[in-house]
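Taken in sequence, the protein lines are chains A and B. Here the first sequence is numbered in our numbering, starting from 1 and rising by one per residue. Here the second sequence is numbered in our numbering, starting from 1 and rising by one per residue. Comments concern the structure below.
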Amino acid sequence: MNRENNVYTILYASIMVIIVAVALAFTHQSLSEQQTKNVNIDKMQQILRSLHINASTNEAESKYNELIKNSYLVTPQGEKVEGSEGTKTSDPAFATDIAVDASKGLPVFEAEIEGRTIYILPMSGKGLWGPIWGYIAIESDGSTVYGADFSHQGETPGLGAEIATPQFGGQFGGKHLFRDNTFTSIAVVKPGQSVSDRDYVDGISGGTITSKGVNAMLLESVGQYKNFLMNLNAAKK
Amino acid sequence: MALSNKTKAVLLGPLNKNNPIIVQVLGICSALAVTSKLEPALVMAIAVTIVTAFSNVIISMLRNTIPNRIRIIVQLVVVATLVTLVSEVLKAFAYDVNKQLSVFVGLIVTNCILMGRLEAFALGNGPWPSFLDGIGNGLGYGWILVVIGFVRELLGSGTLLGYPIIPKSFYEAGYQNNGLMMLAPMALLLIGVIIWIHRSQNKELQETA
Numbered sequence: 001m002n003r004e005n006n007v008y009t010i011l012y013a014s015i016m017v018i019i020v021a022v023a024l025a026f027t028h029q030s031l032s033e034q035q036t037k038n039v040n041i042d043k044m045q046q047i048l049r050s051l052h053i054n055a056s057t058n059e060a061e062s063k064y065n066e067l068i069k070n071s072y073l074v075t076p077q078g079e080k081v082e083g084s085e086g087t088k089t090s091d092p093a094f095a096t097d098i099a100v101d102a103s104k105g106l107p108v109f110e111a112e113i114e115g116r117t118i119y120i121l122p123m124s125g126k127g128l129w130g131p132i133w134g135y136i137a138i139e140s141d142g143s144t145v146y147g148a149d150f151s152h153q154g155e156t157p158g159l160g161a162e163i164a165t166p167q168f169g170g171q172f173g174g175k176h177l178f179r180d181n182t183f184t185s186i187a188v189v190k191p192g193q194s195v196s197d198r199d200y201v202d203g204i205s206g207g208t209i210t211s212k213g214v215n216a217m218l219l220e221s222v223g224q225y226k227n228f229l230m231n232l233n234a235a236k237k
Numbered sequence: 001m002a003l004s005n006k007t008k009a010v011l012l013g014p015l016n017k018n019n020p021i022i023v024q025v026l027g028i029c030s031a032l033a034v035t036s037k038l039e040p041a042l043v044m045a046i047a048v049t050i051v052t053a054f055s056n057v058i059i060s061m062l063r064n065t066i067p068n069r070i071r072i073i074v075q076l077v078v079v080a081t082l083v084t085l086v087s088e089v090l091k092a093f094a095y096d097v098n099k100q101l102s103v104f105v106g107l108i109v110t111n112c113i114l115m116g117r118l119e120a121f122a123l124g125n126g127p128w129p130s131f132l133d134g135i136g137n138g139l140g141y142g143w144i145l146v147v148i149g150f151v152r153e154l155l156g157s158g159t160l161l162g163y164p165i166i167p168k169s170f171y172e173a174g175y176q177n178n179g180l181m182m183l184a185p186m187a188l189l190l191i192g193v194i195i196w197i198h199r200s201q202n203k204e205l206q207e208t209a
């Protein structure tokens, strides 16, 4: 058949499209379970990293189940949402992505480390090129940070992407979110500078906008848990 | 596996005299984007090599059936499908690598080297030479990326593959990482320097004034 024939051309294009569509759909279908598993394990690794635990992909799930004793949703007023408790990946706390839909409640994860209860909260914000997010682990006084882990989608390697390094996240240990019973959050400042009205950490040199994004995320995203944290603080006293 | 001289030239040409980046001047965008650190540069080089080789083979096998009017579209569909498959497989079996490369895997579709080789070689040659041409171009692209990634990470962050190389004593004496190296234009300048050195070694490549 003549290659330049109209009918042949249309037939060729149609068949090609159908074959490609089937191939891609089939691939996606057969791989999606494995992909979701990877996403979940990655999330568990992030939560564990905020607890200063670097779990490999093989041990992440067992370590997570060992340390996370409880997880649930809370309202912006700080009250636990009825029926939201559960630590499985299908339960509300793990399944909720606060960047997408926080209407049902804000996730809180409770871990037991060295006999203490540590509360891990997810955070979500905007970097320079795309979203940034992380997990902040807080002591039972609702103010002292135990650890923090940050991630990003497409920040510049060597600059904004440095927020994902332990050198950056490690600065948060021991910092306080509250001062004089007010939620002040933790500031991310230009390296070398300082602020006096709240605790601060050094930003990334050359990664100003990403650092500002982390600053805003700590203020606004963690700020959503203000009432929950204040209740913890009051209960401790 | 004995390669005839002609096939050997197909495989080795792009490593030197027909290098995609410094001679054909293709694939510059990704050479700038992923080379601020060495590891993504390496992974990208491997991904591009695989996609180029296999898309070359597929188009070469189909070359006598493709209607001329839609040949660019067919090439594009093949490349986009292969890249999507690579991306899906990475997400399923090498999640950490996929996180490293994030958006850049998808951008392989826009890499001119792929379309360039499909048009220039795969449409006119058999599957085996096309496969070798794809591998050769991928490796030619890869070694340039590795060189640029090496220089940019070493001078821009003081590390290589994440391991600190520049000793602390240098920093204390006043040495600072070259921030300019972390920006894309510097990669372009580095490519220019490599072209300069390469052309002075290969005089026949110099364009006459």
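Just so it is clear, CB atoms sit at the ideal spot from N, CA and C, and this is done for glycine as well.
Contact set between residue i and chain A, taken where Cβ atoms lie within less than 9 angstroms
i, result
"R71/B", "Simply none; closest approach about 10 angstroms."
"P164/B", "Going along chain A, no residue has its Cβ under 9 angstroms from P164/B, so there is no contact; the nearest lies around 11 angstroms."
"T110/B", "The contacting residues do not exist; T110/B stays about 16 angstroms from chain A at best."
Where residue i sits in the DSSP three-state scheme
i, result
"D149/A", "strand"
"E112/A", "strand"
"N65/A", "helix"
"I94/A", "A quick correction: the sequence has Phe, not Ile, at residue 94/A. Of the three classes helix, strand and coil, the one that applies to F94/A here is helix, per DSSP."
"S56/A", "coil"
"S124/A", "strand"
"T159/B", "strand"
"V105/B", "coil"
"I41/A", "helix"
"I19/A", "helix"
"R179/A", "strand"
"K6/B", "helix"
"L106/A", "strand"
"D96/B", "helix"
Neighbour-count burial assignment, residue i, 16 or more Cβ in a 10 Å radius
i, result
"K175/A", "buried"
"G142/A", "buried"
"D149/A", "buried"
"T36/A", "exposed"
"G192/A", "exposed"
"V100/A", "exposed"
"Q206/B", "exposed"
Pick from the options that is closest to residue i, judged by C-alpha positions
i, options, result
"G147/A", "V100/A, L51/A, T182/A, I98/A", "L51/A"
"T118/B", "L107/B, G106/B, F131/B", "In the sequence as presented, Thr is not what sits at residue 118/B; that position holds Leu. With distances taken between Cα atoms, L118/B lies closest to F131/B."
"P76/A", "L229/A, N233/A, A235/A", "L229/A"
"L161/B", "V147/B, I197/B, I191/B", "V147/B"
"T81/B", "V109/B, P185/B, V97/B, L62/B", "V109/B"
"S205/A", "S185/A, I163/A, D199/A, K226/A", "I163/A"
"N98/B", "F26/A, A95/A, N38/A", "N38/A"
"K80/A", "L106/A, R3/A, A95/A", "L106/A"
"E204/B", "M182/B, K17/B, L12/B, S4/B", "K17/B"
"E114/A", "P122/A, P131/A, E66/A", "E66/A"
"L145/B", "S102/B, A184/B, V78/B", "A184/B"
"K43/A", "F178/A, F109/A, Q224/A, A187/A", "F109/A"
Beta-carbon separation (whole angstroms), residue i vs residue j, contact threshold 8 angstroms
i, j, result
"A111/A", "K69/A", "7 angstroms"
"S84/A", "Y72/A", "5 angstroms"
"K236/A", "S140/A", "6 angstroms"
"G134/A", "G160/A", "Contact doesn't hold; Cβ gap of about 13 angstroms is too wide."
"P67/B", "Y141/B", "Contact doesn't hold; Cβ gap of about 30 angstroms is too wide."
"I22/B", "H198/B", "5 angstroms"
"I120/A", "I47/A", "6 angstroms"
Within chain A, partners of residue i - CB distance below 8 angstroms
i, result
"G106/B", "Those within 8 angstroms of G106/B in chain A number zero; the least Cβ separation is about 11 angstroms."
"P40/B", "P157"
Within chain B, the residues that residue i reaches when beta carbons sit closer than 8 angstroms
i, result
"Y38/A", "According to the sequence as given, residue 38/A is Asn; it is not Tyr. Correct list: K91, A92, Y95."
"G134/A", "The premise fails here: G134/A is roughly 14 angstroms from chain B at the closest Cβ pair, so nothing lies under 8 angstroms."
Closer than 7 angstroms at the beta carbon, the chain A residues around residue i
i, result
"G156/B", "G158"
"S60/B", "Per Cβ cutoff of 7 angstroms: no residues; S60/B is ~16 angstroms from chain A at best."
Interface partners of residue i on chain B, CB under 9 angstroms
i, result
"Q35/A", "E88, K91, A92, Y95"
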